[in-house]
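Line order of the protein sequences matches chains E and W. Residue 147 is where the first sequence starts when you use our numbering, and the numbers rise one by one after that. Residue 11 is where the second sequence starts when you use our numbering, and the numbers rise one by one after that. Just so it is clear, CB atoms sit at the ideal spot from N, CA and C, and this is done for glycine as well. These figures come from a predicted structure and were not determined experimentally. In what follows, a structure is listed as structure tokens, so that the remarks can point back to it.
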Amino acid sequence: MNWLKNLTRQREFMIAVIVAAIAVTMSFSSPYFLYPENLMALLLGLSIEAIIAVAMTHLMVSGGFDMSVGSIVAFTGSATALLLVSGIPVVVAVVLGLLVGAAIGLFNGFIIAKVGINPFVTTLASLSLFRGLTLILTQGKNISGLPADFNVIGQFRLFDVQTPILIALVLIVLGDTVLRRSRFFRQSYYIGGNEKAARLSGIPVDRMKILAYVLTGLFAALAGIVMVARLGAASTTSGTGLELRVITAVIIGGASLQGGQGTVLGAFLGSLLMGLITNALTLLGVDVYWQTFVIGATLLLAVLIDRYGKLRTEKMELRGMNK
Amino acid sequence: MSEGLVFVLEAQDIVKTFPGVRALNGVNLKIKKGETHALVGENGAGKSTLMLTLGGVHKPDSGRILLNGKPVTFSSPQDAVAQGISVVYQELSLVPALSVAENIFANRQPVGALGLIRRREMLKKAQELLALFDLEDLDPSTPVSRLSLANQQVIEILKAISTNPSVLILDEPTSSLTEHEAKRLFENLARLNQRGISCIYISHHLSEIFKVAHSVSIMRDGNWVCDARVSDIDEEFLISNMVGRTLVDIYGVRPSPDTFGPVRLDVTGLNREREFSDVSFQLRAGEIVGFSGLVGAGRTEVAHAVFGATLPDSGRVLVDGQEIKLRSPRQAIRAGIGYLTEDRKSMGLYLDFNIRENLVSNRLHRFTFGPFMNDKAIDQAADKAIADYRIATKSARKTVRMLSGGNQQKVLLGAWIGIEPKVLIVDEPTRGVDIGARSEIYGFLRQLAGRGTAIMLISSDLTEILGLSDRIVVMKGGRIAGEVPADRATEESVISLATASNINGGKA
Chain E
147 MNWLKNLTRQ REFMIAVIVA AIAVTMSFSS PYFLYPENLM ALLLGLSIEA IIAVAMTHLM
207 VSGGFDMSVG SIVAFTGSAT ALLLVSGIPV VVAVVLGLLV GAAIGLFNGF IIAKVGINPF
267 VTTLASLSLF RGLTLILTQG KNISGLPADF NVIGQFRLFD VQTPILIALV LIVLGDTVLR
327 RSRFFRQSYY IGGNEKAARL SGIPVDRMKI LAYVLTGLFA ALAGIVMVAR LGAASTTSGT
387 GLELRVITAV IIGGASLQGG QGTVLGAFLG SLLMGLITNA LTLLGVDVYW QTFVIGATLL
447 LAVLIDRYGK LRTEKMELRG MNK
Chain W
11 MSEGLVFVLE AQDIVKTFPG VRALNGVNLK IKKGETHALV GENGAGKSTL MLTLGGVHKP
71 DSGRILLNGK PVTFSSPQDA VAQGISVVYQ ELSLVPALSV AENIFANRQP VGALGLIRRR
131 EMLKKAQELL ALFDLEDLDP STPVSRLSLA NQQVIEILKA ISTNPSVLIL DEPTSSLTEH
191 EAKRLFENLA RLNQRGISCI YISHHLSEIF KVAHSVSIMR DGNWVCDARV SDIDEEFLIS
251 NMVGRTLVDI YGVRPSPDTF GPVRLDVTGL NREREFSDVS FQLRAGEIVG FSGLVGAGRT
311 EVAHAVFGAT LPDSGRVLVD GQEIKLRSPR QAIRAGIGYL TEDRKSMGLY LDFNIRENLV
371 SNRLHRFTFG PFMNDKAIDQ AADKAIADYR IATKSARKTV RMLSGGNQQK VLLGAWIGIE
431 PKVLIVDEPT RGVDIGARSE IYGFLRQLAG RGTAIMLISS DLTEILGLSD RIVVMKGGRI
491 AGEVPADRAT EESVISLATA SNINGGKA
């Protein structure tokens, strides 16, 4: 029964139970909920943020933070679209788009790890920088008329499942496994747990931190490209506020701003929970303005539960090891 | 003694227990008006707990505290201050950006009708207090961040005495001061004594006791051992009563020098600006070499450079005859050097991670299966380490934060012994560790040396240096001041090297 006890203590399990509970309730309350169309729309709606959440989880595990992902989505999406309409082959345009995302991540990571500027401030600057560059680059106009073999990236269906969902699921499974089990990415937990100690433990702290931002930029670029392909057009306002949804999902999923904890599965479940709440409120005909409010309440509840757990630990510590 | 009131503060039979630990076991303390009373004892002897009890942080389980002959209880630290006991804590509690005056009167600023601070009055009062310690020239509106560490501490003391205490408690006040600054502190305490303020002075530096205190109480393992007039005793009396047993027991048997193997660590001409210069030394296989010196002598800085945590300006480091690049701890570890930091909580351990995760933190690559972590191998290694180092825990998955200082240190030491180092640098390996775990740690270090590791022992605890080292290197002002073979070393010979003023800056 030990494994059962362990399982129930996992944050992922807790969210999964809540997700299941909402799903079951909804299947009774609304005839439309279990329609495949509804479920697919739900997943499609959160696939973009789920892709970014994979990398953001790793970044936040290592103690980092990125406010600029929404702007990276818009910038790389627009840049790729511009390359495509100027006649650059699809593969080249996509690769260049991804590289631009990685380069922005490198820019963020270098300033944070090597220059030593706070991650919040650095990426807040990037948020404006790249949203601004997007507007400059596109002159504020949306770009459409993209080649069909590009749009396939976002519109192809495999057994009725659209590509953004497939891409997100593959990355989630891969990301979760790698972050949980591989030695390389395990190092990030140590960095988030105690950066100074990690350095003295022989972990290449700066390199790993920069890599975390590069991966986040890369994943945001991928999300941006997939989104453009799905819509068949690039919008300068796409990804606005996305960073907050991604960070919220990651924190609901068990990560903390201090770093050292969190899993990709948890982040996905967090994202799923938010999507599900939105979906449920819509189906139940609740005023649309309540949705954002409920997301905020969910986040607060998740961290309060976490805090309660920590307080209990601290009390035990106080009783146990006073000198 | 003809007065009716002899003691300004008296603690009688104070008992304080925490689950599993009897921190104070019938402690008595008698402080006369206007005297400085030293409180000595080893780490874990209960000095801090006693101080926190007198300062109103802890409530005693039993026993009485008499202030001016009347029994008192403190509901909080603020209450203790209000009744006349002020504590100057070890860590400075000042707000760097605020002015001297605002720090002194933190939260007690004189206010006018609207609750606004009466700035001029506050500055004037601060000026008066500064004058007390000959700091008339210091502008009380200067931000504290611009002051030297020594002057910051003066502000801390002024903050404490601005409440007009009858007893002032100082915890290790000289730990970050130079000798000259310490001397000034002693003069200031004497002035407070003249004004009728009694001081309780907690210190590890036994020699200071004779300069600053009139009387002394000795504690050991939570027990009150005895008190004495300083003029009646000597340092030896203090040590034997603090330790309470012969030192040979806890440090084990020192091997004969001819059992040592070849040179494992060879450091030549290591320099780093403003930290240390021209540092050269060798460590041989099986040897424990003690590094002694005052705070700021550059020992930890040298260790950091050898370990690649900081980059030296020049110099060479050879391990087993092979030069290593001093770029990062990662490279040092690869070359076989381990470093147990002096600051285990902020730089050594991952406090919110469990024991097993901490034990393998510096050698993840040894526990892999392809690209993945091998959890079974980690579990086995952790269980073995818990048994080998007698870490008191029921499970390897217990969070390290919840362990005692001694067990935390064993986890950290276990991690470093785990890399099978050729050279292990241990920096203050028993700081904040109780006497039992301490002697175990000495045993582990001796065993490790016996397997051929060269150990560099940095310690501010002279008895530890004298007891454990095979050879003692003394540093002063960033240079190696000299070397003493263990069998001829005495506390005096080491201290005189560490404090000697006749070093001409040349090679030792």
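Exposure of Gln457(W) is indicated by the presence of fewer than 16 other C-beta atoms within 10 angstroms of its C-beta. As computed with DSSP, Met160(E) is found in no beta bridge at all. Annotated three-state conformation of Phe414(E) is helix, per DSSP. Residue burial annotation: His204(E) is buried, with at least 16 other C-beta atoms found within 10 angstroms of its C-beta. Chain order gives the chain W residues near Arg345(E) as Ala319, Ser338, Pro339, Arg340 and Met357, where near means a beta carbon separation below 9 Å. Using a C-beta cut-off of 8 Å, the segment 100 to 119 of chain W makes contact with the segment 160 to 179 of chain W, since at least three inter-stretch Cβ pairs fall below that distance. For the pair Tyr452(W) and Gly262(W), the Cα-to-Cα distance works out to about 8 Å. DSSP, read as helix, strand or coil, puts Val82(W) in strand. One finds nothing in chain E with a Cβ atom closer than 9 Å to the Cβ of Ile451(W); even the nearest lies about 16 Å away. Nearest in C-alpha terms to Phe317(W), of all of Ile179(W), Leu280(W), Pro70(W) and Ala238(W), is Leu280(W). Measuring C-alpha to C-alpha distances from Leu189(E) to each of Leu418(E), Leu229(E) and Asn264(E) identifies Leu418(E) as the nearest.
Cβ neighbours of Thr284(E) within its own chain (closer than 6 Å, five residues either side excluded): Ser224 and Thr382.
Under the three-state reduction of DSSP, Glu493(W) is assigned to strand. Glu438(W) and Glu352(W) do touch by the CB rule: their CB atoms are close to 4 Å apart, below 8 Å. Here the alpha carbon of Glu333(W) sits roughly 7 Å from the alpha carbon of Arg326(W). Scanning chain E for C-beta atoms nearer than 7 Å to the C-beta of Leu374(W) yields Arg329, Arg332 and Gln333, reported in chain order. With fewer than 16 neighbouring CB atoms inside 10 Å of its own CB, Asp147(W) falls in the exposed class. Contact check for Arg376(E) and Gly300(E): beta-carbon distance about 3 Å, within the 8 Å limit, so the pair qualifies. Within the same chain, Tyr211, Ile219, Ala223 and Val226 come within 6 Å of Ala48(W) by CB-CB distance, once the 5 residues on both sides are set aside. Under the DSSP assignment, Leu388(E) falls in the alpha helix (DSSP H) whose first and last residues are Leu388 to Ile398.
Using a CB distance below 9 Å, no part of the segment 233 to 265 of chain E faces chain W. Not a single C-beta of chain W is nearer than 7 Å to the C-beta of Tyr181(E).
Under the three-state reduction of DSSP, Val277(W) is assigned to strand. Under the DSSP assignment, Glu438(W) falls outside any beta strand (DSSP E); it carries neither an H nor an E label. At least one beta carbon of chain W lies nearer than 7 Å to the beta carbon of Lys342(E). Secondary structure note for Leu293(W): its beta strand (DSSP E) is the uninterrupted segment Phe286 to Arg294. Closest option to Tyr360(W), judged by alpha-carbon separation, among Ser208(E), Pro182(E) and Glu195(E): Ser208(E). Within the segment 17 to 62 of chain W, the beta strand (DSSP E) runs of at least 3 residues that lie entirely inside it are, in chain order, 17 to 28, 31 to 42 and 46 to 50. Rounded to the nearest angstrom, the gap between the Cα atoms of Ala425(W) and Ile258(E) is 30 Å. Within its own chain, the residues whose Cβ lies closer than 6 Å to the Cβ of Val396(E), once the five positions on either side in sequence are excluded, are Ala199, Met202, Thr203, Met206 and Ala413, listed in chain order. Counting C-beta pairs with one atom in each stretch, the segment 306 to 324 of chain E and the segment 209 to 217 of chain E have fewer than three that are closer than 8 Å, which means they do not touch. One Cα belongs to Arg284(W), the other to Arg489(W), and the distance between them is close to 11 Å. Rounded to whole angstroms, the separation of the alpha carbons of Ile435(W) and Ser193(E) is 50 Å.
Annotation: Cβ neighbours of Phe382(W) in chain E (cutoff 8 Å, chain order): Arg327, Ser328 and Arg329. Using a CB distance cut-off of 7 Å, Ile343(W) counts as an interface residue toward chain E. In terms of CA proximity to Thr362(E), Ile197(E) leads the group Ile311(E), Leu180(E), Ile234(E) and Ile197(E).
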